[in-house]
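Structure follows, in structure tokens:
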């Protein structure tokens with residue numbers, strides 16, 4: 005079994021692009037209540053890319069864990085993120101079927 | 005897809021026994037870093053059962069989500085929990101192979 009990490013510690017885990025540049029951090033996880041499978045990592049790309057403080061839900065299966073960097077790698081660049089679904093820190097959406105479908109479609113899933 | 009819940013909101017989700025009595029709450033989740041699957045719910049049974057403030061890791065597949073109660077049900081009673089693996093709030097173990105095997109064995113998995 006792979007290593008486990010506390011949900012309390014996931015907040016702040018680094019996220020990198022394929023080139024190894026740090027994009028930001030994971031702010032929160034959206035978890036399937038029944039199966040316990042993480043469905044979305046909610047990312048904060050803040051200052052580094054100039055994308056502000058919005059939160060970006062990214063489907064979990066787009067993330068790859070890199071043990072060498074002790075963080076996650078996503079195959080995304082700034083241009084892809086500029087049009088991506090996002091919300092303000094105090095405006096978390098319901099993550100209902102419609103919202104999840106829209107997020108998945110944006111990423112081609 | 006079932007409803008999702010924020011990892012930040014999981015803290016405090018109620019846990020019930022099969023009879024519907026509230027046992028305590030989920031304090032934290034231990035998540036497989038690679039797959040994103042929750043492996044253990046870390047529970048706090050505190051005052052209700054007189055079990056103190058220790059944390060109890062319980063294998064995720066022992067939990068059933070009950071939409072009516074908006075919480076999780078575990079098939080455990082006080083006598084089973086009295087001998088269960090636990091740790092103090094400030095003494096989180098490494099959750100290495102040995103530790104996880106011990107927890108799983110305690111619950112017969």
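Protein chains in written order, with our numbering: chain G, 5 to 113; chain D, 5 to 113.
Positions of the beta carbon are idealized from the N, C-alpha and C atoms, including for glycine.
The beta carbon of residue 22(G) sits closer than 7 Å to those of 77, 79, all from its chain and outside the five residues before and after it, given in chain order. Around residue 92(D), the same chain offers 57, 58, 59 as residues with beta carbons nearer than 8 Å, after the five sequence neighbours per side are excluded.
Sorting 49(G), 113(G), 103(G) by C-alpha distance to the C-alpha of residue 83(G) places 49(G) at the top.
Taking all protein chains shown into account, residue 40(G) has 16 or more neighbouring C-beta atoms within 10 Å of its C-beta and is therefore buried. Residue environment: residue 13(D) is assigned as exposed (fewer than 16 neighbouring CB atoms within 10 Å of its CB, all protein chains considered).
Between residue 102(D) and residue 75(D), the alpha-carbon positions lie close to 30 Å from each other. Taking 8 Å as the Cβ-Cβ cut-off, the segment 25–44 of chain D approaches chain G at 32, 33, 34, 35, 36, 37, 38, 39, 40, 41, 42, 43, 44, given in chain order. Interface with chain G (8 Å Cβ-Cβ cutoff): residue 83(D) is excluded. The beta-carbon of residue 48(G) is placed no less than 8 Å from the nearest beta-carbon of chain D. The C-beta distance from residue 8(D) to residue 34(G) rounds to 4 Å, short enough to fall under 8 Å. When Cβ-Cβ separations below 8 Å define contact, residue 7(D) makes contact with chain G. A straight line joining the alpha-carbon of residue 94(D) with that of residue 63(G) spans about 32 Å. Just so you know, the alpha carbons of residue 67(D) and residue 18(G) end up roughly 30 Å apart.
The residue from 81(D), 47(D), 43(D), 86(D) with its alpha-carbon nearest to that of residue 65(D) is 43(D).
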